[in-house]
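In full-length UniProt numbering, the protein residues as written are 1 to 367.
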């Protein structure tokens with residue numbers, strides 16, 4: 001397996017601390033691209049509760065399907081996914097499991113984002129509010145914060161406008177399992193258990209926030225997909241904390257594309273099947289592992305940002321949620337769907353009152 005260290009669009013683990021510069025570079029790279037559809041998201045279209053709390057099954061959410069070849073936009077239920085794919089197609093999923101990454105203090109919350117090679121973590125400090133939390137711009141290098149259970153978090157240095165490099169005085173995953181809760185933003189009205197933020201594929205703990213495109217899958221639906229001759233293969237990409245208050249390009253994240261998955265991708269393409277990424281994280285991992293167009297086993301850190309200018313080399317489709325206005329994810333969607341089809345899809349989603357965010361509806365783009 002190749003250790004991704006210094007190829008275009010990736011960073012050495014030791015260089016992750018240059019994330020702020022990487023973000024500026026990503027902004028520059030995307031400057032030539034016209035951002036995807038711009039729109040106002042009505043508050044009532046934000047999914048505030050899991051579908052199970054709305055009287056639905058996990059796989060009972062809606063599915064908006066956009067076909068690039070025909071330009072057609074269709075409306076389905078997620079349970080209809082097996083009938084929308086063909087035998088020989090391959091779904092590539094993210095098997096990263098969600099951590100209870102938020103630790104709450106009286107006035108602040110600490111969101112643990114990304115473990116670094118030296119054992120330190122990138123963390124975000126947020127001010128607690130009546131509904132959830134908001135950005136907190138305080139803090140100083142060398143400052144320490146007392147956390148529940150007698151733990152101490154020391155701020156080492158600011159690495160981006162939001163993120164600090166910090167060190168906890170004990171092992172972080174074990175500490176979070178006892179004192180952490182899932183990260184929740186203000187559009188979700190109440191706390192939900194960690195199980196609500198896990199996918200059926202999540203077996204490798206490490207994501208600060210759920211790889212939410214995989215959430216609607218159930219074991220029964222996966223069984224039906226496999227029975228129809230549709231493959232399912234894993235990659236791992238541990239997601240960091242999002243920036244719900246403003247758009248930012250993604251910063252470097254850890255990933256792994258195993259040899260078995262790389263081989264399945266190659267075989268699917270050789271045999272005329274489509275490679276469909278379940279989530280933008282999967283696109284990022286696969287495209288990083290295919291610098292020359294052919295996917296091979298790889299792991300390391302990726303800062304790759306997909307835009308209409310960079311294009312995609314591997315994926316033939318994307319299953320994803322509905323993304324916020326001006327989100328950098330919309331550049332990736334534009335690269336896959338094309339600007340016109342993506343705009344019509346979002347117009348349909350708004351008109352038909354689809355729901356946004358991690359507990360919302362899904363969008364399937366087929367090239």
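For glycine and all other residues, C-beta sits at the position ideal for the given N, C-alpha and C. Source: prediction; values computed, not measured.
- Residue 66 is classed as buried because its beta carbon has at least 16 other beta carbons within 10 Å across all chains shown.
- Between residue 126 and residue 135, the C-beta spacing is below 8 Å.
- With fewer than 16 other Cβ atoms inside 10 Å of its own Cβ, residue 191 counts as exposed.
- Annotation: the continuous beta strand (DSSP E) that includes residue 237 extends over 231-237.
- Between residue 276 and residue 86, the beta carbon gap of about 10 Å keeps them out of contact (Cβ cut-off 8 Å).
- For the 8 Å CB-CB criterion, residue 187 and residue 46 form a contact.
- With contacts defined by Cβ atoms closer than 8 Å, residue 100 and residue 147 do not form a contacting pair.
- Looking at 237, 252, 271, the one whose alpha-carbon comes closest to that of residue 229 is 271.
- In this structure, residue 306 sits away from residue 92, with a CB-CB distance that is not shorter than 8 Å.
- Residue 319 is bridged by DSSP to 278, 364.
- Taking residue 166 as the centre and dropping the five residues before and after it, the same chain places the C-beta of 120, 121, 123, 153, 154, 155, 156 closer than 7 Å to its C-beta, in chain order.
- Using a Cβ-Cβ distance cut-off of 8 Å, the region 294-302 and the region 74-81 are not in contact, since fewer than three pairs of beta carbons, one from each stretch, lie closer than that value.
- Between residue 335 and residue 312 a beta carbon distance of about 6 Å is seen, short of the 8 Å cut, so the two are scored as contacting.
- Excluding the 5 residues flanking it on each side, residue 352 has same chain C-beta neighbours closer than 7 Å at 75, in chain order.
- Of the candidates 105, 304, 42, the residue whose Cα lies closest to the Cα of residue 284 is 304.
- Contact between the region 253-265 and the region 221-237 is established, with three or more Cβ pairs separated by less than 8 Å.
- Between residue 207 and residue 96, the CB-CB gap stays under 8 Å.
- Cα atoms of residue 267 and residue 274: separation of roughly 10 Å, rounded to the nearest angstrom.
- Taking the Cβ atoms as the reference, residue 241 lies roughly 17 Å from residue 179, outside the contact range of under 8 Å.
- DSSP, reduced to helix, strand and coil, places residue 43 within a helical segment of the structure shown.
- Excluding its 5 nearest sequence neighbours in each direction, residue 358 has C-beta neighbours in its own chain below 6 Å: 210, 212, listed in chain order.
- Under the three-state reduction of DSSP output, residue 224 falls in the helix class.
- Every unbroken stretch of the beta strand (DSSP E) spanning 3 or more residues and falling wholly within the region 144-198 is given here in chain order: 144-147, 151-158, 163-168.
- Residue range 62-67 is occupied by the beta strand (DSSP E) that includes residue 62.
- Distance from the Cα of residue 309 is smallest, within the candidate group 301, 323, 339, 282, for 339.
- Going by C-alpha positions, residue 224 is about 20 Å away from residue 64.
- Look at residue 344 here: in three-state DSSP terms it is helix.
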